[in-house]
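Asker: Position 396 of the sequence shown, counting from 1, maps to 396 under the UniProt record's numbering, and the rest follow consecutively.
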Amino acid sequence: MRISTQQYFETSSAKYQSNYSSVVKAQDQASSGVRVQTAADDPVAAARLLMLQQQKDMLGQFNGNIDTLKNSLLTEDNVLESINTALQKASELALQAGNVGISDADRKSIAAEVGSIEDQVLGLLNTKDASGNYLFSGSKTDTPPYSRNNDGTYSYQGDDTPLSLKVSENLSITMGDTAKSMLESTANTGRTQTAPILVPPAVDDGKVTVSAGLIASGTSYSSSFSDGQPYTLKFVSSTQYTVSDNTGNDITSEIPGNGTFDATKEGASTVSLRGVKFDIGLNLGKDALGKDVLPGAPSDAIVKDREFSLSVKPDTFSVSRTPSNPTTAQLSGGKVSDPAAYASTFPNSGVVVKFGAAGAYSVYAQPYTANSKSIADDTLAAGATSITVAGVTLDVTTAPAPAAGDQFTIGATSNKNENVLNTLSQLRKTLETPSDGNPAAQKELKDVVARSIGNLTNAKSQIDQVRGGIGARLNGLDIQSQENTSLGLANATTMNALGNVDFADAAINLSLQQTMLEASQLAFVKISQLSLFNKM
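Following this line, the structure appears as structure tokens:
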């Protein structure tokens, strides 16, 4: 076989380049310590290394999220601690305001302190984090959670969707808590009311009072009190009473003390009725000697046969018409006429009522969109003065009556819960109102103070529960951080085993490649000097 000189030189050059490349690659591996520098070096290992690198990047993001979550939760915990401290001070002020002998001037001074706490709590609830986002607004991070209304009440403007961050492939942790879940769900202890049952020309002279009531047992209240209300408390004498439910059944035997009380002793004039406590107060006036008239035979005539209604405070409703309505018809008022339908149908967010032709109307849950489906449909009879919507009866104007295209929004305010800002606002306004020498105002003061103390206690308990949840999440983040660290170490070990070189093997391989390069150089020199003359 004959090999041309050109072919020989090209073959030798290619072989030399290949050997030289192998030496360079071996030098790079030995100096860098990296075995898989391109996918061609080891396709299987390169694919696994790519996956491991992605996992490493994700672990880095998870660890960054953990740091963000810790900072957010610690900030929230500090804010909640400050709120609880403020609420504790407000409770102490409420107790002070309820003491006998406190004058209007003293209560006004206390009201100023309560007002300062009210402003402080509002500011704390509207706290922003390090990124400038509101802590307690949920996903509406650019909206302050609470705003003060013109009537002094407060409205929550955020939502109930807390933000969350992933800390592992299958675990997400919420960054914080919304004020809605934290304070809007605080149980209201003052969900009941009392009123004297008067037959004209009788008037309420304030000599006998029954407090508005405080819920002492939420379970008993929910299971028993609501079903039997309104109750009628009737005084038999200045030391005895009876209680009957809405069907007229006498249930006095259910009450501790079996209908007896002593208005002269602290705690002895409490009516504990199905989870709610009512306090009886007697202010029977002065006798001929200027001394207080005490309960007993002489005063029985003043108290006997007086009656009071004990009931649950009804929900209130706000109605607004759409400005673009074609008529000036109005819906107003609002009263629950079907408790079962109201409880099962009326949405927490409120409803929208849209009128069609011939008095037909449809009811939609808020927020209303073009794709919303009605939750109820009915027709307003000609000349009717009321309309029933999801168990709620509202007054309707007849001149003009609602026509096609008219739309109304109806919202409900329940007494089941009360946010702490409204509690503080109501307490402040009540303390600012003069009550010296006014029995009705003094009764209102006692009711508001008692309700405020109970609601502030519930709010603090709710915040304590939230803080407990924060602590649990922080512990979970610590555990997950350790887990991510372990995964990162395992990841690094596997990547090192797949992608890095063994320096002993690298040194041997480099020596081998250099020897092969030198051998190819020597072979080329030897062979290039051969000719036919060397064979003769």
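Every residue, glycine too, gets a C-beta built ideally from N, C-alpha and C. Because the structure is a prediction, the values reported are computed rather than measured.
1) How would you call Thr430, buried or exposed, if buried means at least 16 neighbouring beta carbons within 10 angstroms?
2) Leaving out five residues before and five after Tyr134 in sequence, what residues of the same chain have Cβ atoms less than 8 angstroms from its Cβ?
3) Hey, out of Phe346, Asp406, Glu266, whose CA is closest to Leu331's CA?
4) Measuring only the C-alpha atoms, how far is Ala130 from Lys277?
5) Take Ala376 and list the residues in its own chain whose beta-carbon comes closer than 8 angstroms to its own, dropping the five residues that flank it on each side.
6) Can you check which of these residues, Asp338, Lys304, Thr379, Ala401, is closest to Thr327 by C-alpha distance?
7) Looking at C-beta atoms only, is the number of pairs between the stretch 460–467 and the stretch 107–118 that lie closer than 8 angstroms three or more?
8) Roughly how far, in whole angstroms, is the beta-carbon of Thr186 from the beta-carbon of Asn458, given that I think they are within contact range, below 8 angstroms?
9) For Ala90, which residues from the same chain have a beta carbon less than 7 angstroms from its beta carbon, with the 5 sequence-adjacent residues on both sides left out?
10) State the Cα-Cα distance for the pair Leu233 and Lys443, rounded to the nearest angstrom.
11) When you compare the CB positions of Phe355 and Gly334, do they come within less than 7 angstroms of one another, or not?
12) In whole angstroms, what separates the C-alpha of Phe503 from that of Ala490?
13) Report the residue from Ala329, Asn258, Gly285 whose alpha carbon sits nearest the alpha carbon of Ala384.
14) For Tyr368, name the three-state secondary structure that DSSP assigns.
15) Keeping to the same chain, check which residues put their C-beta closer than 8 angstroms to that of Ser337; ignore five residues upstream and five downstream.
16) Quick check on the burial criterion: 16 or more other C-beta atoms within 10 angstroms. Buried or exposed for Thr369?
17) Exposed or buried, what is Gly152 when buried is set at 16 or more other beta-carbons lying within 10 Å of its beta-carbon?
18) Are the stretch 193–202 and the stretch 304–315 in contact at 8 angstroms, needing three or more beta carbon pairs?
19) Quick one, which of Tyr231, Ser414, Arg191 has its alpha-carbon nearest Ile255's?
20) With distance defined between alpha-carbon atoms, name the residue in Asp395, Glu266, Ala358, Gln366 nearest to Asp378.
21) Grab me the residues of Ala86's own chain with a C-beta within less than 6 angstroms of its C-beta, minus the 5 sequence neighbours each way, in chain order.
22) For Gln407, name the three-state secondary structure that DSSP assigns.
23) Buried or exposed for Lys373, please, with buried defined as at least 16 other CB atoms from any protein chain shown within 10 angstroms of its CB.
24) Run through DSSP, which three-state label would Asn78 get?
25) What are the residues that DSSP puts in a beta bridge with Val396?
26) Please state the DSSP three-state secondary structure of Leu310.
27) Assign Met175 to buried or exposed, taking buried as 16 or more other Cβ atoms, counted over all protein chains shown, within 10 Å of its Cβ.
28) Hey, Gln275 and Tyr221: beta-carbon distance below 7 angstroms or not?
29) Val466 by DSSP, collapsed to three states: which one?
30) Starting from the Cα of Gly411, find the closest Cα among Ala97, Leu487, Asn150, Ala365 and give me that residue.
31) Taking Ala94 and Ser386 to be in contact with their CB atoms under 8 angstroms, please state how far apart those CB atoms are, rounded to whole angstroms.
32) Nearest to Pro314 by CA position, among Gln229, Gly64, Ser223, is which residue?
33) Once the 5 residues before and after Asp447 are set aside, which same chain residues still bring their CB inside 6 angstroms of it?
34) Below 8 angstroms on the Cβ atoms is my guess for Leu273 versus Val243; work out the distance and round it to an integer in Å.
35) Measure the beta-carbon distance from Phe408 to Ser320 and round it to whole angstroms, keeping in mind my assumption that it falls under 8 angstroms.
Answerer: To lay it out plainly:
1) Buried, since its Cβ has 16 or more Cβ neighbours within 10 Å.
2) Result list for Tyr134: Asn126, Thr127, Lys128, Lys140, Thr141, Asp142, Thr143, Pro144, Pro145, Gly158, in chain order.
3) Of the candidates Phe346, Asp406, Glu266, the one whose C-alpha sits nearest the C-alpha of Leu331 is Asp406.
4) In a straight line, the C-alpha of Ala130 is about 46 angstroms away from that of Lys277.
5) So the list reads Thr345, Ser362, Val363, Val389, Ala390, once near-sequence residues are dropped.
6) Among Asp338, Lys304, Thr379, Ala401, the Cα nearest to that of Thr327 belongs to Ala401.
7) Fewer than three pairs of CB atoms, one per stretch, sit closer than 8 angstroms, so the stretch 460–467 makes no contact with the stretch 107–118.
8) Sure, about 5 angstroms apart at Cβ, within 8 angstroms.
9) Cβ-Cβ distances below 7 angstroms link Ala90 to Val114, Ile117, Leu424, Leu456 in the same chain, with the five nearest sequence neighbours on each side left out; the list follows chain order.
10) Rounded to whole angstroms, Leu233 to Lys443 spans 18 angstroms at the Cα level.
11) Cβ distance not < 7 angstroms, so Phe355 and Gly334 don't count as in contact.
12) Legend: pLDDT at Phe503 = 49, less than 50; position of this residue unreliable, value from coordinates given subsequently. Roughly 21 angstroms between the two C-alpha positions.
13) The shortest CA-to-CA distance from Ala384 to any of Ala329, Asn258, Gly285 is the one to Ala329.
14) DSSP, reduced to helix, strand and coil, places Tyr368 outside both helices and strands of the structure shown, so it counts as coil.
15) By the criterion of a C-beta distance shorter than 8 angstroms, Ser337 is surrounded in its chain by Thr388, Gly391, Val392, Thr393, once the five residues flanking it on both sides are discounted.
16) By the neighbour-count criterion, in which 16 or more other beta carbons inside 10 Å mark a residue as buried, Thr369 falls on the exposed side.
17) Under the 10 Å beta carbon count, Gly152 is surrounded by fewer than 16 other beta carbons and is classified as exposed.
18) Result yes; three or more Cβ-Cβ pairs closer than 8 angstroms.
19) Closest option to Ile255, Cα to Cα, is Tyr231.
20) Out of Asp395, Glu266, Ala358, Gln366, the CA that lies nearest to the CA of Asp378 is found in Ala358.
21) For Ala86, where only same-chain residues beyond five positions count, the Cβ hits under 6 angstroms are Ile117, Gln120, Val121.
22) For Gln407, the secondary structure class from DSSP, reduced to helix, strand or coil, is strand.
23) Label assigned to Lys373: exposed.
24) The answer is helix: DSSP assigns Asn78 an H, G or I state.
25) Answer is Leu331, bridged to Val396.
26) In the structure shown, Leu310 falls within a strand segment according to DSSP collapsed to helix, strand and coil.
27) By the 16-neighbour rule on beta-carbons within 10 angstroms, Met175 is buried.
28) Per the sequence shown, the amino acid found at residue 275 is Gly instead of Gln. Contact: yes.
29) Looking at Val466 - three-state DSSP - the assignment turns out to be helix.
30) Proximity to Gly411 across Ala97, Leu487, Asn150, Ala365 peaks at Ala365, based on C-alpha coordinates.
31) With 8 angstroms as the limit, Ala94 and Ser386 do not qualify as a contact, their Cβ atoms being about 41 angstroms apart.
32) Ranking Gln229, Gly64, Ser223 by Cα distance to Pro314 puts Gln229 first.
33) Excluding sequence neighbours, Asp447 sits near Ser211, Ala212.
34) Yes, they are in contact, since the Cβ atoms of Leu273 and Val243 sit about 6 angstroms apart, within 8 angstroms.
35) With a Cβ gap of about 7 angstroms, Phe408 and Ser320 count as contacting.
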